[in-house]
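> Take 8 as the starting number for the sequence shown in UniProt numbering and just add one per residue.
Before anything else, here's the structure in question.
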Amino acid sequence: QFNGTCDDRGVLPEVVAHRGASADLAEHTLAAYELALAQQADGLECDVRLTKDGQLVCVHDRTVDRTSSGTGIVSTMTVAELDKLRWGGADEPGVLTLEKLLELVRPGVRLFIETKHPVRYGGLVEAKLVALLARHGLARPKSKEESPVVVMSFSSRAIRRIQRHAPELPTVMLVGSRVTPSAGDYVGPSIERLREDPEYVARAGRPAYCWTVDDPADVRLCQSLGVRFIATNKPAATLEVLRGT
Ligand code: G3P
Ligand code: CA
């Protein structure tokens, strides 16, 4: 079900739309995620933060300044306040909550959820996330391989919290350094890391999720190294490179 795109050369890496089809449309908007699915992305990536009223919303930065018409810190604002801002195009219906994004999960589409501010809220984000996934029947997949949801973090503490709350959920330990982490089912090196150190994937001995891969030469590098998941702002172009079209 989740083998990535198949062609006559075999199974290809899964293409994960980073913040949606975010090279084309405003990141973390419903429109950007719907476009990614129309472009046949295998997966969707989002970042989640807690609001003042304890909801999980899909916003990358600590503040709303870069991606909305307003200013302020996400965690000091309620969903109602965030909804009043403009995010992306005129049709965009307010801030994107994780609950709304979960509606796009369907057979063959995997959602990669990255938890932000892991320290400040001492695990509240991961606890809320697992509770929400449980309400949607997504916290106990049949197997990690078949799980429609994967949880990611740069914090090993956050990964361990997810494993404690929901041991059946697969996790990606994102890494910015040379270190191969001990936590996580998958390793998540940046493309810069793989360019400098192509042996990283083989050494890690675990499937890799590489971010953020927009250049065709980098897509081919990931493919040649056997990277399992490729996160990109350009899902359509990435699929073209992988399919050799
Ligand atoms: O997919 C992982 C990647 O998104 C990590 O970096 O800053 O874009 O969240 P960032
Ligand atoms: Ca992210």
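A virtual CB, placed ideally from N, CA and C, is assigned to each residue, including glycine.
It should be emphasised that the depicted structure is a prediction, and the values quoted were computed from it without experimental measurement.
#1: Going by other Cβ atoms of all chains shown within 10 Å of its Cβ, with 16 needed for buried, is S154 buried or exposed?
#2: Over what stretch of residues does the beta strand (DSSP E) that includes H25 continue unbroken?
#3: Exposed or buried, R93, counting other C-beta atoms within 10 Å across all chains shown (16 or more means buried)?
#4: Please list, in chain order, all residues of the same chain as M84 whose beta carbon is under 8 Å from its beta carbon, the five residues on each side excluded.
#5: On the DSSP letters alone, give me the boundaries of the alpha helix (DSSP H) that R200 sits inside.
#6: Using the C-alpha atoms, what's the distance from T219 back to R200?
#7: Considering only residues of the region 169-240, which uninterrupted beta strand (DSSP E) runs meet the minimum length of 3 residues and lie entirely inside it, listed in chain order?
#8: Name the residue from R167, Q47, V64 whose alpha carbon lies nearest to the alpha carbon of V55.
#9: Between which two residues does the beta strand (DSSP E) holding V81 run?
#10: I'd like the list of long-range same chain contacts for N10, defined as Cβ closer than 6 Å, with 5 residues on each side in sequence excluded.
#11: Does E152 come out as helix, strand or coil in the three-state DSSP assignment?
#12: To the nearest angstrom, report how far apart P205 and P148 are at their CA atoms.
#13: Just to confirm, does residue 1 get its C-beta within under 7 Å of one of the non-hydrogen atoms of ligand 1?
#14: To the nearest angstrom, report how far apart V186 and R167 are at their CA atoms.
#15: Following the continuous alpha helix (DSSP H) through E52, name the residue where it begins and the one where it ends.
#16: With DSSP run on the structure shown, which of helix, strand or coil describes R113?
#17: Go ahead and pull the three-state DSSP assignment for L140.
#18: Run the Cβ filter for me: residues under 5 Å from any heavy atom of ligand 2, listed in the order they occur in the chain.
#19: Of the residues L145, V102, V194, which one's Cα is nearest the Cα of A173?
#20: G95 to L105, Cα distance in whole Å?
#21: Quick check on DSSP: helix, strand or coil for E99?
#22: Since L51 and L111 are thought to touch, with beta carbons under 8 Å apart, how far apart are those beta carbons, to the nearest angstrom?
#23: Nearest to T36 by alpha carbon, out of A215, P177, C53?
#24: Compute the Euclidean distance between the alpha carbons of A134 and I169, then round it to the nearest angstrom.
#25: Do you know how far the Cα of L228 is from the Cα of R73?
#26: Following the continuous alpha helix (DSSP H) through R250, name the residue where it begins and the one where it ends.
Taking the geometry as given:
#1: buried
#2: 21-25
#3: exposed
#4: T58, K59, V71
#5: 198-203
#6: 11 Å
#7: 178-182, 193-196, 236-239
#8: V64
#9: Element bounds for V81: n/a, residue is neither H nor E.
#10: At N10, the pLDDT of 47 sits below 50, so the modelled position is not reliable; the number obtained from the coordinates is stated separately. Same-chain partners within the cutoff: V18.
#11: coil
#12: 32 Å
#13: In this structure the chain extends from 8 to 252, so residue 1 is not present and cannot be described.
#14: 17 Å
#15: Per DSSP, E52 belongs to no alpha helix (DSSP H); it is in the beta strand (DSSP E), 50-57.
#16: coil
#17: helix
#18: D54, E121
#19: L145
#20: 17 Å
#21: coil
#22: 7 Å
#23: C53
#24: 8 Å
#25: 31 Å
#26: 242-250
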